[in-house]
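*Asks:*
There are 2 protein chains.
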Amino acid sequence: MSASLKLSTAVKAVHCLARAYPEPLSSTEISGMTGINASQLRLILSMLAKAGIIQSMQGAGGGFILNMTPDQINLQQLYCAIETRKAFHLAVSGNHEQIPLNKKINTYFLDLFEDIQRDIESKMETISLADVIQKVETHY
Amino acid sequence: MSASLKLSTAVKAVHCLARAYPEPLSSTEISGMTGINASQLRLILSMLAKAGIIQSMQGAGGGFILNMTPDQINLQQLYCAIETRKAFHLAVSGNHEQIPLNKKINTYFLDLFEDIQRDIESKMETISLADVIQKVETHY
DNA sequence: AATAAATGTTACACTCACTACAACAGTTAG
DNA sequence: CTAACTGTTGTAGTGAGTGTAACATTTATT
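As you go down the protein sequences, you meet chains A and B in turn.
Using our numbering, read the first sequence as starting at 443 and increasing by one per residue.
Using our numbering, read the second sequence as starting at 443 and increasing by one per residue.
(1) Check for me: the alpha helix (DSSP H) holding residue 481(B) runs from which residue to which?
(2) For residue 550(A), return the contacting residues in chain B, with the cut-off set at a CB-CB distance below 7 Å.
(3) Where residue 481(A) and residue 470(A) are concerned, what is the direct C-alpha to C-alpha distance, given to the nearest angstrom?
(4) Where do the N-terminal and C-terminal ends of the alpha helix (DSSP H) with residue 575(A) fall, by residue?
(5) Would the C-beta of residue 581(B) count as close to the ligand COA, meaning under 7 Å from any of its heavy atoms?
(6) So which residues of chain A does residue 555(B) contact, with C-beta pairs closer than 8 Å?
(7) The region 500-521 of chain B: which residues have C-beta closer than 9 Å to a C-beta of chain A, in chain order?
(8) Mind the definition here: the region 473-487 of chain B touches the region 446-460 of chain B only if three or more C-beta pairs lie below 8 Å; say whether that holds.
(9) DSSP beta-bridge partners for residue 508(B)?
(10) Using a C-beta to C-beta distance shorter than 7 Å, which residues of chain A count as neighbours of residue 558(B)?
(11) Output needed in chain order: residues of the region 457-486 of chain A with a Cβ under 8 Å from some Cβ in chain B.
(12) Measure the alpha-carbon distance for residue 489(A) versus residue 510(A) and round it to whole angstroms.
(13) Counting C-beta neighbours from all protein chains within 10 Å, is the total for residue 457(B) 16 or more, i.e. buried, or is it exposed?
(14) Since residue 561(B) is in the alpha helix (DSSP H), which residue starts that stretch and which ends it?
(15) Give a yes or no on whether the C-beta atoms belonging to residue 550(A) and residue 577(B) are separated by under 8 Å.
(16) Taking DSSP's pairing of strands, which residues face residue 467(A) in a bridge?
(17) Tell me the rounded alpha-carbon separation between residue 564(A) and residue 518(A).
(18) Given that a residue counts as buried once 16 or more other Cβ atoms are within 10 Å of its Cβ, and exposed if not, what is residue 502(A)?
(19) Compute the distance between the beta-carbons of residue 486(B) and residue 524(B), then report whether it is under 8 Å.
(20) Is the distance from the Cβ of residue 516(A) to the Cβ of residue 570(A) below 8 Å?
(21) What does the Cβ neighbour count give for residue 499(B), buried or exposed, with the cut at 16 atoms within 10 Å?
(22) What separation, rounded to the nearest whole angstrom, lies between the Cα atoms of residue 465(A) and residue 552(A)?
(23) Using a cut-off of 8 Å between C-beta atoms, extract the partners of residue 570(A) located in chain B.
(24) Assuming residue 507(B) contacts residue 463(B) under a Cβ cut-off of 8 Å, what Cβ separation, rounded to an integer in Å, is found between them?
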């Protein structure tokens with residue numbers, strides 16, 4: 443799954459958890475609320491649980507519950523927890539690295555893209571889940 | 443081709459043109475210097491020509507030649523000229539938009555991603571081809 | 001202890017975009 | 001008129017992303 447898709451999925455799920463708090467929700471329940479496949483949700487939610495953002499409880503009567511308040515959770519934390527590949531997909535010309543100029547320019551761009559990646563991450567750090575919920579409920 | 447791949451390809455090609463200036467280079471010649479396929483180069487170079495960044499001359503003895511000095515060309519111009527899809531690939535959870543909450547959160551993220559896209563573009567605007575050439579030749 | 005209801009994880013089919021390249025039509029100098 | 005170019009279209013192969021199912025594992029309940 444792409445980082446941006448996972449991020450929006452994570453926000454939707456966590457938003458449900460915020461509304462249900464302090465009651466836990468199962469992946470099936472969240473699936474019913476969002477339309478997102480339950481297996482897919484579990485994949486993402488288990489990553490969020492490992493990052494300590496939510497708590498997962500196995501077994502009958504279990505489910506997921508927030509482990510932090512919405513204003514303590516920011517998009518960067520969510521993004522970090524679920525990231526497998528970078529948001530700014532950094533492809534540079536494939537395999538012509540035997541040519542010195544290519545190698546140098548590739549390196550330059552990899553550095554630049556990392557730089558941009560850092561910019562994106564700092565921006566996301568400034569946006570809390572509470573911000574998102576508030577904005578979604580008022581401005582849209 | 444992804445935007446970032448095309449961008450690095452464009453920079454490599456334009457870098458060759460800068461060194462050859464005022465002599466024109468054919469796509470075959472640039473291919474020889476960079477290892478990049480000539481057809482692929484022509485695809486990108488023709489886009490740069492349409493944007494007025496380089497000039498293309500058809501027919502025997504033709505080729506490509508810079509139409510601006512390296513310090514007048516910035517990465518944003520190159521990126522703009524070759525862009526087909528956005529750098530920050532903005533996927534949000536696909537097709538569950540019948541659920542109002544989803545639609546709102548999707549819209550929120552599309553807005554956020556556009557915002558980030560703009561940030562990336564302004565950053566690229568500050569980097570000229572001359573900067574890249576200078577940096578590549580000294581720092582790497 | 002047995003059962004039912006959860007999570008956690010793996011696997012898989014399917015689609016689709018990307019990549020790299022070839023081929024050829026169109027254009028121009030000599 | 002020919003040779004050397006660009007411009008554009010098409011295409012086979014590959015790899016990543018998507019959506020989902022299946023099953024192993026864990027735990028509350030009775």
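Every residue, glycine too, gets a C-beta built ideally from N, C-alpha and C.
These figures come from a predicted structure and were not determined experimentally.
*Replies:* In brief:
(1) Within the second sequence, residue 481(B) is the residue found at index 39, counting from 1. Taken as a continuous stretch (DSSP letters only), the alpha helix (DSSP H) holding residue 481(B) covers 480-492.
(2) Counting from 1 along the first sequence, the entry for residue 550(A) is found at position 108. Those within 7 Å of residue 550(A) in chain B are 574, 577, 578, 582.
(3) Translated into positions along the first sequence, residue 481(A) becomes position 39. Translated into positions along the first sequence, residue 470(A) becomes position 28. The straight-line gap from Cα to Cα measures roughly 9 Å.
(4) If you number the first sequence from 1, residue 575(A) lands on position 133. First-last of the alpha helix (DSSP H) with residue 575(A): 571-581.
(5) As for the ligand COA, it is missing from this structure, which has no ligand bound.
(6) Counting from one through the second sequence, the residue named residue 555(B) turns up at place 113. Those within 8 Å of residue 555(B) in chain A are 446.
(7) 517
(8) yes
(9) Here the question's residue 508(B) lines up with position 66 in the second sequence. Answer is 496(B), bridged to residue 508(B).
(10) Translated into positions along the second sequence, residue 558(B) becomes position 116. Those within 7 Å of residue 558(B) in chain A are 562, 565.
(11) 457, 475, 476, 477, 478
(12) Taking the first sequence and counting its residues from 1, one reaches residue 489(A) at position 47. Taking the first sequence and counting its residues from 1, one reaches residue 510(A) at position 68. About 15 Å.
(13) For the purposes of this step, residue 457(B) is taken as residue 15 along the second sequence, with counting starting at 1. Buried, by the Cβ-count rule.
(14) The sequence position of residue 561(B) within the second sequence is 119, counting from 1. Residues 542-567.
(15) The residue given as residue 550(A) occupies position 108 in the first sequence. The residue given as residue 577(B) occupies position 135 in the second sequence. Result yes, Cβ atoms of residue 550(A) and residue 577(B) sit closer than 8 Å.
(16) Start at 1 with the first residue of the first sequence, and residue 467(A) comes out as number 25. According to DSSP, residue 467(A) bridges with 506(A).
(17) As a first step, residue 564(A) is located in the first sequence; it is residue number 122 there, counting from the start. As a first step, residue 518(A) is located in the first sequence; it is residue number 76 there, counting from the start. Looking at the two C-alpha atoms, the distance is approximately 7 Å.
(18) Residue numbering aside, residue 502(A) sits at position 60 when the first sequence is read from its first letter. When all chains shown are included, residue 502(A) counts as exposed.
(19) As a first step, residue 486(B) is located in the second sequence; it is residue number 44 there, counting from the start. As a first step, residue 524(B) is located in the second sequence; it is residue number 82 there, counting from the start. Yes, they are a contact pair.
(20) For the purposes of this step, residue 516(A) is taken as residue 74 along the first sequence, with counting starting at 1. For the purposes of this step, residue 570(A) is taken as residue 128 along the first sequence, with counting starting at 1. Result yes, Cβ atoms of residue 516(A) and residue 570(A) sit closer than 8 Å.
(21) Counting from 1 along the second sequence, the entry for residue 499(B) is found at position 57. The residue in question, residue 499(B), is exposed, as its Cβ has fewer than 16 Cβ neighbours within 10 Å.
(22) On the first sequence, residue 465(A) is found 23 positions in, with the first residue counted as 1. On the first sequence, residue 552(A) is found 110 positions in, with the first residue counted as 1. Cα-Cα distance, rounded: 45 Å.
(23) The count along the first sequence starts at 1 and reaches residue 570(A) at position 128. Under the 8 Å cutoff, chain B gives no residues; its nearest Cβ is about 13 Å from residue 570(A).
(24) One-based indexing of the second sequence puts residue 507(B) at position 65. One-based indexing of the second sequence puts residue 463(B) at position 21. The pair is a contact, with the Cβ atoms about 7 Å apart (cut-off 8 Å).
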